[in-house]
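> Chains C and Z supply the protein sequences, listed in that same order.
Heads up: the first sequence is residues 1 to 389, going by the UniProt record's numbering.
Heads up: the second sequence is residues 1 to 361, going by the UniProt record's numbering.
Even glycine gets a Cβ: it sits at the ideal position worked out from N, Cα and C.
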Amino acid sequence: MVYFDHAATTPVRPEAVADMTAEFGALGNASALHAAGRRARRAVEESREAVAEALGATPHEVVFTSGGTEADNLAVKGLYWARNGADPARRRILVSAVEHHAVLDPAHWMAEHQGAVVEELPVDGRGRLDPGTLRAAIERDPASVALVSVMWANNEVGTVQPVAELAAAAAEYGIWFHTDAVQAVGVEPVDFAASGVSALTVTGHKLGGPVGAGALLLARGVDPVPVLHGGGQEREVRSGTLMTPLLRGFATAVRLAAAERVEHAAELATLRDELVEAVRAVVPDARLNGHPTDRLAGNANIGFPGCEGDALLMLLDAQGIECSTGSACSAGVSQASHVLLALGADPDTARDSLRFSLGRGSTRADVKTLAEAIGPAVERARAARAKRR
Amino acid sequence: MTLRVLAAMSGGVDSAVAAARAAEAGHDVTGVHLALSKNPQSYRTGARGCCTVEDSRDARRAADVIGIPFYVWDMAEEFDREVVQDFVAEYAAGRTPNPCLRCNEKIKFEAVLERAVALGFDAVCTGHHVRLEDGRLRRSVDYAKDQSYVLAVLDREQIAHSMFPLGDCTKAEVRAEADRRGLAVADKPDSHDICFIADGDTAGFLNRRLGSEPGPIVDESGEVLGSHDGAHAFTVGQRKGLNLGGAVNRRYVLSIEPVSNTVTVGSRDALAVDRITAERPVWSGCEPPAEPTAFTVQLRAHGEVHGCRAHERDGRLEIVLDEPATGVARGQAAVLYDGDVVMGSATISATSRVGEAAAAG
């Protein structure tokens, strides 16, 4: 099997499995006051310190969540409610047009149900949001902006945003800036303090931790209104019994990812470039979507003119090669990618692309296998597409 | 011989067992659920509707149990263009279409089959109750569930790339087999009605699409007996819903004339026809007969069969029934059988009684 879908989820590191296995065998609710509770609490706090250290944050800035979607919802809804509650004139939510649905959908939900006004800021043909575009949007009426949310790097096409510049533009006007860094941690230099962002989403299962654990980093003074109410855990911001085993696995994975990042990213980028070259050698008109250089090391999003991505995906899957169309599914019906549309693709080209995402375990042999399979698959997918016309 | 088979899986019990049988026979089977609506409903409502999120999940779970790969194919655009819009246009023209037949003709065994063949599959497998013997379609052993009528439109090339594993058993046997195979859809209700009209209100659906214009209900002499709220709510042979009052004897819809928005009614006798002209004939079971030849013919889904003599002339099928039949609607298929083997199919375009000029063309 050739697995090129690490951006969807990536294997759990053995070290994380070992830590979680040990913790699953231990007893204790981290909020309990007795010895067992204190033991669990210590494991949680050590995990928090490890995550904070790996990401350039202080332990107090780490709020554990169930993952990226929850962290994004807490950021978009909670920060909006906090700012808008203090000043009802602050109704605008500024997001890039290429955000993950975990940001876009809560933002639009806030518009439909909570009186927010969402502005999707356009990106260029490579997927980058120009800081000037954000600045112009803010300057139309700075006092009406509740928050800005722009992802660190795009999950579909891999384009890395100029986060520090964007965050600085928001900070100039005292506007909170959230970034979804789910895809970036482990391959990009994500430093919470240095980046100047107010809030940052990270999740475990994209970097070798378990599914079900993640965090929202919140700078001091950036206090969202809670989305989950209950026992008051995580300084009243996120109630719910702390999932000690998952947090230990998450922390171990984040620590390893940060420590190995530079070497790992360089290896991935080399392999990724080989993959793109190998595909282009067989399919000369294949098109690399996103930014040619400012892109995630493991991301190759490639358009195959005249093909439907889901037909290609099926043909490759039948050969044991696993990748993604990167597009959202409801009832399994693939939609044209909103990201590729935002990059200027027409509805047909927005469906002709596959995302190959590399990670730990990806090899040259995998790339060779793909290179051998892609030619005939593209030929067949083109014939099938032609039939639909 | 191992074939690469694409099993169309609706989420119902028939297509699940059909896929399981194809896989068990040693074929390389891939399950595909056809998404026919851009905005699928979340849940089924009784026996109505299809292609809901729940159906898609049921199909996926069946594929899991069978142990075959599973994908969803988005055929919503094709379905809307070829089936839904055609359905509306046919009613607007005063005809009575069969959308299931149309879906088999244009979606399952054309758009899906062509795409499948291009992608390297040898055949499309479905859970239709029909037998396939020596390249000919034959009625299912379960006559009550037989679907040969809505498949008779397939030509020989389409049939050559089709697989119907269920024709040799009854629906009850299919359900029992599903249960034995651990398929959770064993007890799922049968689908009825038109899948894209989820509430079952065909007249309301047509009113929304076509608008409704009141018009006259007349008898054969042209005398106005009453009025209607929209001609496309009626179908030939219909008795209910005419609201002509007690003074008028039992009347049946004889014809619908969309241009003048007129519904013509008459006695049951007047409904009886014995000459039928049908268009676009497809002959999968025999060569087109140039001279009148004896067949049996079925004139609507689940309808009775009639003895007849039929031949093809100038690209049209001409049928003379042995005895007059009632409720023969333009737009429905006339399917010719030799015993229980399908010979051909064509779309009814005109009907008349012997000695009369053909009504409507």
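Who does residue 446 (chain Z) pair with in a DSSP beta bridge?
With chain Z represented from 1 up to 361, any question about residue 446 (chain Z) goes unanswered, as that position is not in the structure.
> My guess is that residue 342 (chain C) and residue 97 (chain C) are in contact by the Cβ rule of under 8 Å, so how many angstroms apart are they, rounded?
4 Å
> Please check the pair residue 13 (chain C) and residue 325 (chain C), which I expect to be a contact at CB under 8 Å, by giving their CB distance rounded to whole angstroms.
So it is not a contact: roughly 27 Å between Cβ atoms.
> Smallest Cα separation from residue 262 (chain C): which of C:153, C:109 and C:187?
C:187
> Grouping DSSP H, G and I as helix and E and B as strand, with all else coil, what is residue 81 (chain C)?
helix
> Pull out every residue of the stretch 105 to 124 of chain Z whose Cβ sits closer than 9 Å to any Cβ of chain C, in chain order.
111, 114, 115, 116, 117, 118, 119 and 120
> Return the Cβ separation of residue 188 (chain Z) and residue 58 (chain Z) in integer angstroms, given the expectation that the two are a contact with Cβ distance under 8 Å.
Confirmed, Cβ separation roughly 7 Å.
> Once you ignore the five residues that flank residue 280 (chain Z) on each side, which residues in its own chain have a CB closer than 7 Å to its CB?
346 and 347
> Could you give the residue range of the beta strand (DSSP E) that holds residue 202 (chain Z)?
No beta strand (DSSP E) contains residue 202 (chain Z), which is instead part of the alpha helix (DSSP H) from 202 to 210.
> Ordered along the chain, which non-local residues of its own chain (more than five positions away) have a Cβ less than 8 Å from that of residue 291 (chain C)?
126, 127, 128, 157, 158, 159 and 160
> Using 8 Å as the threshold, is the stretch 117 to 133 of chain Z in touch with the stretch 87 to 96 of chain Z, meaning 3 or more CB pairs across them?
no
> Applying a beta-carbon distance threshold of less than 8 Å, which residues of chain Z neighbour residue 392 (chain C)?
Nothing about residue 392 (chain C) can be reported from this structure: the residues present for chain C run from 1 to 389 only.
> Residue range of the alpha helix (DSSP H) that residue 374 (chain C) falls in?
364 to 388
> How would you write the range of the alpha helix (DSSP H) that residue 310 (chain C) sits in, first residue to last?
309 to 318
> Is it buried or exposed, residue 33 (chain C), if we count other Cβ atoms within 10 angstroms and call 16 or more buried?
exposed
> Where residue 47 (chain Z) and residue 197 (chain Z) are concerned, what is the direct C-alpha to C-alpha distance, given to the nearest angstrom?
The pLDDT assigned to residue 47 (chain Z) is 47, lower than 50, so where the model puts this residue is not dependable, and the model offers no usable value.
> Run through the stretch 187 to 248 of chain C for me and flag every whole alpha helix (DSSP H) of 4 or more residues, listed as ranges in chain order.
List check, alpha helix (DSSP H) in window: 192 to 195.
> From residue 331 (chain C) to residue 70 (chain C), what does the alpha carbon distance come to, in whole angstroms?
Below a pLDDT of 50, predicted positions are generally treated as unreliable, and residue 331 (chain C), at 46, falls in that range; the measurement from the model is reported next regardless. Roughly 22 Å between the two C-alpha positions.
> How would you list, in chain order, the residues of chain Z whose beta-carbon sits under 7 Å from the beta-carbon of residue 387 (chain C)?
Residues of chain Z with a Cβ closer than 7 Å to the Cβ of residue 387 (chain C) are, in chain order, 114, 115 and 118.
> Here's the rule: buried if 16 or more other CB atoms are within 10 angstroms of the residue's CB, otherwise exposed. What is residue 238 (chain Z)?
buried
> Alpha carbon to alpha carbon, how far is residue 206 (chain Z) from residue 53 (chain Z)? Give it in angstroms, no decimals.
25 Å
> From the DSSP output, in three-state form, read off residue 356 (chain C) for me.
strand
> So residue 56 (chain Z) and residue 35 (chain Z) are in contact, right, with Cβ under 8 Å, and what is the actual spacing, rounded?
7 Å
> Please give the ranges of any beta strand (DSSP E) in the stretch 217 to 294 of chain Z, keeping only runs that are unbroken, at least 3 residues long and fully inside the region.
224 to 228, 252 to 257, 262 to 266 and 273 to 283
> When the Cα atoms are used, what is the spatial distance from residue 82 (chain Z) to residue 382 (chain C)?
22 Å
> If the criterion is Cβ atoms closer than 8 Å, does the pair residue 121 (chain C) and residue 95 (chain C) meet it?
yes
> If we require 4 or more residues per run, which alpha helix (DSSP H) segments fall completely within the stretch 108 to 162 of chain C?
131 to 139
> Say whether chain Z places a C-beta atom closer than 8 Å to the C-beta of residue 370 (chain C).
no
> Provide the residue(s) that pair with residue 70 (chain Z) in DSSP beta bridges, ordered along the chain.
Bridge partners of residue 70 (chain Z): Z:31.
> Using a Cβ cut-off of 8 Å (strictly closer), state whether residue 69 (chain Z) contacts chain C.
It does: the Cβ of residue 69 (chain Z) has a partner Cβ on chain C nearer than 8 Å.
> Where does residue 106 (chain C) fall in DSSP's three states?
helix
> Grouping DSSP H, G and I as helix and E and B as strand, with all else coil, what is residue 298 (chain Z)?
strand
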